[in-house]
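Enquirer: Chains as they are written, first to last, in the numbering used here: chain C, 441 to 722; chain L, 50 to 270.
To start, I am sharing the structure in question, which I have written as structure tokens.
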Amino acid sequence: MRIFDPHIHMTSRTTDDYQAMYDAGVRALVEPSFWLGQPRTSPASFFDYFDALLGWEPFRAAQYGIAHHCTLALNPKEANDPRCTPVLDALPRYLVKDSVVAVGEIGYDSMTPAEDTALAAQLQLAADHGLPALVHTPHRDKLAGLHRTIDVIRESHLPPERVLLDHLNETTVKDARDSGCWAGFSIYPDTKMDEDRMIAVLKTHGTEKVLVNSAADWGRSDPLKTRKVGDAMLAAGFSEDDVDRVLWRNPVAFYGQSGRLQLDIAAPEPLHEGNSILRGGE
Amino acid sequence: MPMTPTTSPLLTREELDAQLGGAARAWLDEALAEAEHAASHEPCEQPGGPYAVPSWELRYAAAGRYCGLEHADSVRALLLVEAHAALPALTRLYEQGTAAERRAVLLALHRLDLGPTALPLVEDALRTNDTRLVAAAVGPYAAAHLEAHNWRHAILKCLFTGVPVAAVDQLALRSRGDAELARMLGDFAAERIAAGRSVPADLTRVLDLTVPGPAAPTEES
């Protein structure tokens, strides 16, 4: 089973996770820029983070045979902090980087005017740079947030087939699919979606333009949830081709719209004396 | 993925022209013209605010997508040379660059008239644990300008992180008669042996090069 996790925050994960993901079949992933749990206080803090997503994190991933790409943006939560909003002016220089395959995560958190501004501006940046957009749907007031998100997308220059609406659930999946956007589902141990509910959604709505991710980060989450969905699909009677479509071909097709996916990563080189990330003295 | 810790030789303009297709060649012509124009029209201040980026620098970032990732280092180095990139632009491209963009800055340093002023970029790369950057940092520019203490630590860094010392320019010349380097290598070997670990073959190779006098091996890597 080959797996592309289209949304996972590896910065917050360990090398054990990379190894377990590789063993489970993960060969490619996209790491969206997002909130770090601790609020940032300046654009420079974002730039160091973006640099890590373009430098150190792909290096770590490659040592485990996993191709690493990223999406960059000012996230919805911090779009409300005027200390952080100058990041919007600096994004053009980052969006030309080779491994940036979308603008994201953008979208709504509390549905404020500042979030309206950042969402519209960043959808335009995506259109200007020939990139798709990864759009986070809010945790609170989700259905209303989805409708407002779709309205802003309709008013933008970015066609819906270049938009992935993420963190969907049973209450938002139909309207999201009717919008023409791609549909993303985050599978979590406690919140968002779980494997069984995901199977039910797939049975009802099919596999077309559906992506499944672990969205694993610094909170309670599981980087192997993609594999668990694949196993649950097979157990529920889906074919291997269905699994491959959801866990590989759909994310490749969506992010491939950037023209920047590089999936021909070499098999892992023999690690330095069995060690991985070389801090010296191994 | 650019995981190889040694770096391929940079191609010349003529070699690139021979290998690139028509569209890529046209893109390269335009990019080099923009770089040349920027070199002869250096603005006193950066126009367009603190985050504005000159167009040739955007091309520097996109080079691999237009000319092939395998040619990105060569194209980026050519742009730097053609733009007569000065330290502020080099520092900006390095600090704002992906690992691949940073590597290309490091690979081009010795072809620019910088004296030792770009050493902070080399020292930054040597502080990373990214073997692509470490390998690119120990090229001809470091051989010419890196002072002895930092150069010795660069050699140790290569041994620690598995960067082949074949990547180190002027290794034999700079190692010859370096008693302090020999001591550091000896201590490192003793630490490995005490820990029950093997001594890297490259360590023995460099240690042999530290022997003083004309009898020492002189072949370059």
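Even for Gly, the Cβ is constructed at its ideal location relative to N, Cα and C.
#1: For Val-536/C, return the contacting residues in chain L, with the cut-off set at a CB-CB distance below 7 Å.
#2: Quick test of your reading: Phe-444/C and Leu-469/C, contact by CB under 8 Å. State the CB separation rounded to the nearest angstrom.
#3: Could you check the C-alpha separation between Val-248/L and Trp-496/C for me, to the nearest Å?
#4: Starting from His-508/C, trace the beta strand (DSSP E) both ways and give me its first and last residue.
#5: Buried or exposed: Ala-558/C, going by 16 or more other Cβ atoms within 10 Å of its Cβ?
#6: Would you mind sorting Glu-545/C into buried or exposed? The rule is 16 or more other CB atoms within 10 Å of its CB.
#7: Would you call the region 487 to 494 of chain C and the region 681 to 693 of chain C touching, i.e. three or more CB-CB distances under 8 Å?
#8: Tell me the rounded alpha-carbon separation between Leu-142/L and Ala-132/L.
#9: Output yes or no for whether 8 Å exceeds the beta carbon distance between Val-171/L and Leu-195/L.
#10: Of the residues Leu-608/C, Ala-507/C and Pro-479/C, which one's Cα is nearest the Cα of Ala-655/C?
#11: Rounded to whole angstroms, what is the Cα-Cα separation between Asp-606/C and Ala-464/C?
#12: Taking 8 Å as the CB-CB cut-off, is Tyr-100/L touching chain C?
#13: Only counting runs of 3 or more residues, tell me where the beta strand (DSSP E) segments fall wholly within the region 582 to 632 of chain C, in order along the chain.
#14: For Asp-251/L and Ala-243/L, what's the separation of their Cα atoms in angstroms?
#15: Answer yes or no: does any C-beta atom of chain L fall closer than 8 Å to that of Asp-529/C?
#16: What are the boundary residues of the beta strand (DSSP E) that Glu-648/C is part of?
#17: Kindly list, in the order they appear in chain L, the residues whose Cβ is closer than 7 Å to that of Ser-473/C.
#18: Do you know how far the Cα of His-86/L is from the Cα of Ile-590/C?
#19: Just checking: is the beta-carbon of Asp-179/L within a distance shorter than 8 Å of some beta-carbon in chain C?
#20: I want to see whether chain C comes within less than 8 Å of Arg-114/L, judged by CB atoms only; does it?
#21: Put Val-466/C into one of helix, strand or coil per three-state DSSP.
#22: Please name the residue in Thr-180/L, Ala-73/L and Cys-207/L whose C-alpha comes closest to that of Leu-234/L.
#23: Within 8 Å (strictly less), CB to CB, does Val-470/C reach chain L?
#24: Does any CB atom of chain C fall closer than 8 Å to the CB of Thr-147/L?
#25: Could you tell me whether any Cβ in chain L is nearer than 8 Å to the Cβ of Gly-696/C?
#26: Let me know if Pro-710/C comes out buried or exposed under the rule of 16 or more other beta-carbons within 10 Å of its beta-carbon.
#27: Using only the alpha-carbon positions, how far apart do Thr-595/C and Ala-561/C sit?
#28: Verify the CB distance criterion: does Gly-670/C have a CB-CB separation below 8 Å to chain L?
#29: Please give me, in chain order, every unbroken run of the beta strand (DSSP E) with length at least 3 that falls completely inside the region 89 to 127 of chain L.
#30: Beta carbon of Trp-496/C: closer than 7 Å to some heavy atom of the ligand HEM?
#31: Is Thr-451/C helix, strand or coil by DSSP?
#32: Assign Gln-478/C to buried or exposed, taking buried as 16 or more other Cβ atoms, counted over all protein chains shown, within 10 Å of its Cβ.
#33: Classify Ser-89/L: buried if its beta carbon has 16 or more other beta carbons within 10 angstroms, exposed otherwise.
#34: So, for Pro-261/L: in the same chain, excluding its five sequence neighbours on each side, which residues have a beta-carbon less than 6 Å away from its beta-carbon?
#35: Give me, in chain order, the residues of the same chain whose beta-carbon lies closer than 6 Å to that of Met-52/L; leave out the 5 immediate sequence neighbours on both sides.
#36: Would you report the Cα separation of His-202/L and Arg-152/L, rounded to the nearest angstrom?
Expert: So, from the data block:
#1: Simply Leu-107, Ala-110 and Ala-111.
#2: Yes, Phe-444/C and Leu-469/C are in contact; Cβ-Cβ is about 7 Å, under 8 Å.
#3: The straight-line gap from Cα to Cα measures roughly 27 Å.
#4: Looking at the DSSP string, the run of the beta strand (DSSP E) that includes His-508/C is 507 to 512.
#5: Classification for Ala-558/C: buried.
#6: Buried is the call here.
#7: Touching, no.
#8: Here the alpha carbon of Leu-142/L sits roughly 13 Å from the alpha carbon of Ala-132/L.
#9: If you check the CB distance, Val-171/L and Leu-195/L come in under 8 Å.
#10: The candidate whose alpha carbon is nearest that of Ala-655/C is Leu-608/C.
#11: The alpha-carbon of Asp-606/C is positioned some 23 Å away from that of Ala-464/C.
#12: It does; some Cβ of chain C falls within 8 Å.
#13: Complete beta strand (DSSP E) runs here, min 3: 603 to 606 and 622 to 626.
#14: Distance between the alpha carbons of Asp-251/L and Ala-243/L is about 18 Å.
#15: Cβ-Cβ to chain L under 8 Å: yes for Asp-529/C.
#16: Unbroken run through Glu-648/C: none, as it is neither H nor E.
#17: Neighbours of Ser-473/C across chain L, judged by C-beta separation under 7 Å, do not exist; the nearest C-beta is about 14 Å away.
#18: Rounded to whole angstroms, Ile-590/C to His-86/L spans 44 Å at the Cα level.
#19: Cβ-Cβ to chain C under 8 Å: yes for Asp-179/L.
#20: Answer yes: the Cβ-Cβ gap between Arg-114/L and chain C drops below 8 Å somewhere.
#21: In the structure shown, Val-466/C sits in a strand (DSSP, three-state: E or B).
#22: Closest in C-alpha terms to Leu-234/L, from the list Thr-180/L, Ala-73/L and Cys-207/L, comes Cys-207/L.
#23: Not closer than 8 Å to any Cβ of chain L, the Cβ of Val-470/C fails to qualify, so no.
#24: By this cut-off, Thr-147/L is an interface position.
#25: Any Cβ of chain L closer than 8 Å to the Cβ of Gly-696/C would place that residue at the interface, and such an atom is absent.
#26: At Pro-710/C, the pLDDT of 44 sits below 50, so the modelled position is not reliable and the matter cannot be decided from this model.
#27: It is worth fixing the name first, because residue 595/C is Glu in this sequence and not Thr. Their Cα atoms are separated by approximately 12 Å.
#28: Not a single CB atom of chain L sits nearer than 8 Å to the CB of Gly-670/C.
#29: Qualifying beta strand (DSSP E) stretches: none in this window.
#30: Although the ligand HEM was asked about, the structure shown includes no ligands whatsoever.
#31: Thr-451/C sits in a helix when the DSSP states are folded into three classes.
#32: That one is exposed.
#33: Around the CB of Ser-89/L, fewer than 16 other CB atoms lie within 10 Å, so the residue is classed as exposed.
#34: Answer for Pro-261/L: Gly-226, listed in chain order.
#35: Because Met-52/L sits at a pLDDT of 45, beneath the cut-off of 50, its placement in the model cannot be relied upon, and the following sentence gives the value as read from the coordinates. Apart from the 5 residues on each side of it in sequence, Met-52/L has no Cβ closer than 6 Å to any other Cβ in its chain.
#36: Those two C-alpha atoms are separated by around 19 Å.
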